[in-house]
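Asker:
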Amino acid sequence: MESLLILVALLALIVSAVLAFPVRWLILRLGGIDRPNERSSHEAPTPRGGGLAIVLGTALVVAWFGVPGREAMVFGLCVAAVAAVSLVDDFRSLSFATRLVVQVGAAAVAIVGLDLPVGTIDMPSAAVRVPHVAGLVLAVAFVVAYSNFFNFMDGINGIAACQASLSALTLGLLLWQGGDAPGAVVAAAIGGAAAGFLPHNFPTARIFMGDVGSVTLGFALALLSMIAHERAGVPGPALLLVHGAFLFDAVFTLLKRAVRGENVLRPHREHNYQLLVRGGMSHRATTLIYFAMSAGCCLAGSLYGQAGTEGRWAALLVPLVALAILAVMAHRRGPAGPVVAVALGVQSGDPRDPAPQAAGEAGQ
Numbered sequence: 062m063e064s065l066l067i068l069v070a071l072l073a074l075i076v077s078a079v080l081a082f083p084v085r086w087l088i089l090r091l092g093g094i095d096r097p098n099e100r101s102s103h104e105a106p107t108p109r110g111g112g113l114a115i116v117l118g119t120a121l122v123v124a125w126f127g128v129p130g131r132e133a134m135v136f137g138l139c140v141a142a143v144a145a146v147s148l149v150d151d152f153r154s155l156s157f158a159t160r161l162v163v164q165v166g167a168a169a170v171a172i173v174g175l176d177l178p179v180g181t182i183d184m185p186s187a188a189v190r191v192p193h194v195a196g197l198v199l200a201v202a203f204v205v206a207y208s209n210f211f212n213f214m215d216g217i218n219g220i221a222a223c224q225a226s227l228s229a230l231t232l233g234l235l236l237w238q239g240g241d242a243p244g245a246v247v248a249a250a251i252g253g254a255a256a257g258f259l260p261h262n263f264p265t266a267r268i269f270m271g272d273v274g275s276v277t278l279g280f281a282l283a284l285l286s287m288i289a290h291e292r293a294g295v296p297g298p299a300l301l302l303v304h305g306a307f308l309f310d311a312v313f314t315l316l317k318r319a320v321r322g323e324n325v326l327r328p329h330r331e332h333n334y335q336l337l338v339r340g341g342m343s344h345r346a347t348t349l350i351y352f353a354m355s356a357g358c359c360l361a362g363s364l365y366g367q368a369g370t371e372g373r374w375a376a377l378l379v380p381l382v383a384l385a386i387l388a389v390m391a392h393r394r395g396p397a398g399p400v401v402a403v404a405l406g407v408q409s410g411d412p413r414d415p416a417p418q419a420a421g422e423a424g425q
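According to the numbering used here, the sequence shown is numbered sequentially starting from 62.
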């Protein structure tokens, strides 16, 4: 029952919130400090790697509820591998190639080991079958891409934790409705753990999530999405909607820079949320706007599978139009932030909140 998922999420929230204190102490002792640079949105040195509390909180709660089977072990080991290399990167700054090799390897093992190729490409009124090998490649590419997209979007206080919590809890509900109780429990634990970290990171950041949080969350959420698609019968567009706010910003920015002829692998501050901040919107207001956008996308994703053809098109187009309008306003010359804030009813305020999180700390 849904009450079990609520219990799992609440327990993970408490465990993660408590673990964040010793994790912060340990990071300070080990010298894991994020110091401001030319790409940063923060002004004071802040400990980084707090996402370890989310990872440990999720693992402890999932273990407590005893999610069984070989598949749970494969999932856990692959996520742990990504978390481990990401934690090392938070302290040692590994090369992008090293991180990518681990991410691709872990994604490939998970997709093959769990047998999660993309079987169909769904549309509101039709579905196209995908050959097995192509489906495997597409699945691995999606998991790796979203892992990095999520990392790229972790640039201001609270934005990644909010997205992770909303996406994971929505995935938990969709998995439960699709008959995958173990997957639903894992998703609920992730959603609760991300919410438990939020008070430590928003509105004032006492600790940053770091790669161990953002990359690992992106990886786990992408894998859960593949499980929901292939095991629970959740349509692909519904899952894209669940991650819609982050996916739109990341893909839009990637395409924009490619069209300009820029090196898409070079670090930058061109994401829509970063442009809003640079245009005068506060970090707090920007995070709240993305929270609202994410909530709307998750609602649309949860309703998509129950709707007819016209309803499915509406569920896709309404969030897409809203995100496109936000992108256009973010790119307006001059103080775009206050314009967006007034339009959406959110107070803009000072664009430099206390100890905002590092923009682009993933090196996107």
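We put the CB at the ideal spot given by N, CA and C, even for glycine.
By the 10 Å Cβ neighbour count, where 16 or more other Cβ atoms means buried, how is residue 196 classified, buried or exposed?
Answerer: Residue 196 should be labelled buried.
Asker: For the alpha helix (DSSP H) that residue 318 lies in, which residues bound it at each end?
Answerer: 305-320 is the extent of the alpha helix (DSSP H) around residue 318.
Asker: Give the straight-line distance between the Cα atoms of residue 76 and residue 152, rounded to the nearest whole angstrom.
Answerer: In a straight line, the C-alpha of residue 76 is about 24 Å away from that of residue 152.
Asker: Ignore the nearest five residues each way along the sequence and tell me which others in residue 277's own chain have a CB closer than 7 Å to its CB.
Answerer: If we look at residue 277 and ignore the five residues flanking it on each side, its Cβ neighbours are 112, 116, 140, 143, 144, 147.
Asker: Buried or exposed for residue 370, please, with buried defined as at least 16 other CB atoms from any protein chain shown within 10 angstroms of its CB.
Answerer: By the neighbour-count rule (16 or more Cβ atoms within 10 Å), residue 370 is not buried but exposed.
Asker: Determine the extent of the beta strand (DSSP E) in which residue 184 is found, giving its start and end residues.
Answerer: 181-184 is the span of the beta strand (DSSP E), which, as asked, contains residue 184.
Asker: Classify residue 220 as helix, strand or coil using the three-state DSSP reduction.
Answerer: Three-state DSSP puts residue 220 in a helix.
Asker: With a cut-off of 8 Å on the beta carbons, I'd call residue 232 and residue 254 a contact; round off their distance for me.
Answerer: Not quite, the Cβ-Cβ distance comes to about 14 Å (not below 8 Å), so this is no contact.
Asker: Should residue 342 go down as buried or exposed, given a rule of 16 or more other Cβ atoms within 10 Å for buried?
Answerer: Residue 342 is buried by the Cβ-count criterion.
Asker: Which complete beta strand (DSSP E) runs does the stretch 226-255 hold, if anything under 3 residues is left out?
Answerer: Runs of the beta strand (DSSP E) inside the stretch 226-255: none found.
Asker: Between residue 295 and the rest of its own chain, which residues show a CB-CB distance below 7 Å, the 5 nearest in sequence each way excluded?
Answerer: Excluding residues within five positions, the ones whose Cβ falls inside 7 Å are 235, 239, 289, 366.
Asker: Kindly list the residues whose CB is nearer than 8 Å to the CB of residue 149, restricted to its own chain and excluding five residues on each side of it in sequence; keep chain order.
Answerer: Closer than 8 Å at Cβ, skipping near neighbours: 155.
Asker: If we define contact as Cβ-Cβ less than 7 Å, is residue 282 a contact residue for chain C?
Answerer: Absent from the structure: chain C. Only one protein chain is present.
Asker: If you check the beta carbons only, do residue 109 and residue 271 fall under 7 Å apart?
Answerer: A contact, by the Cβ cut-off of 7 Å.
Asker: Can you grab the Cα-Cα spacing for the pair residue 339 / residue 174, in whole Å?
Answerer: Taking the straight line from one Cα to the other gives about 44 Å.
Asker: Spell out the partners DSSP gives residue 269 in its beta bridges.
Answerer: Paired residues: 109.
Asker: Below 8 Å, can you find three or more Cβ-Cβ pairs linking the stretch 313-330 to the stretch 259-268?
Answerer: Too few Cβ pairs lie closer than 8 Å, so no.
Asker: Is DSSP giving residue 327 helix, strand or coil here?
Answerer: Correct three-state label for residue 327: coil.
Asker: Leaving out five residues on either side along the sequence, give the residues of the same chain with a beta carbon under 7 Å from the beta carbon of residue 69.
Answerer: If we look at residue 69 and ignore the five residues flanking it on each side, its Cβ neighbours are 122, 126, 246, 249, 250, 253.
Asker: Can you give the Cα-Cα distance for residue 134 and residue 291, rounded to whole angstroms?
Answerer: Taking the straight line joining both Cα atoms gives about 18 Å.
Asker: Taking contact to mean 3 or more Cβ pairs, one atom from each stretch, closer than 8 Å, check whether the stretch 379-393 and the stretch 352-365 are in contact.
Answerer: Counting Cβ pairs under 8 Å, three or more are found: they touch.
Asker: Buried or exposed for residue 324, please, with buried defined as at least 16 other CB atoms from any protein chain shown within 10 angstroms of its CB.
Answerer: The residue is exposed, with fewer than 16 neighbouring Cβ atoms inside 10 Å.
Asker: Whole angstroms are fine: how far does the CA of residue 275 sit from the CA of residue 375?
Answerer: Between residue 375 and residue 275, the C-alpha separation is close to 31 Å.
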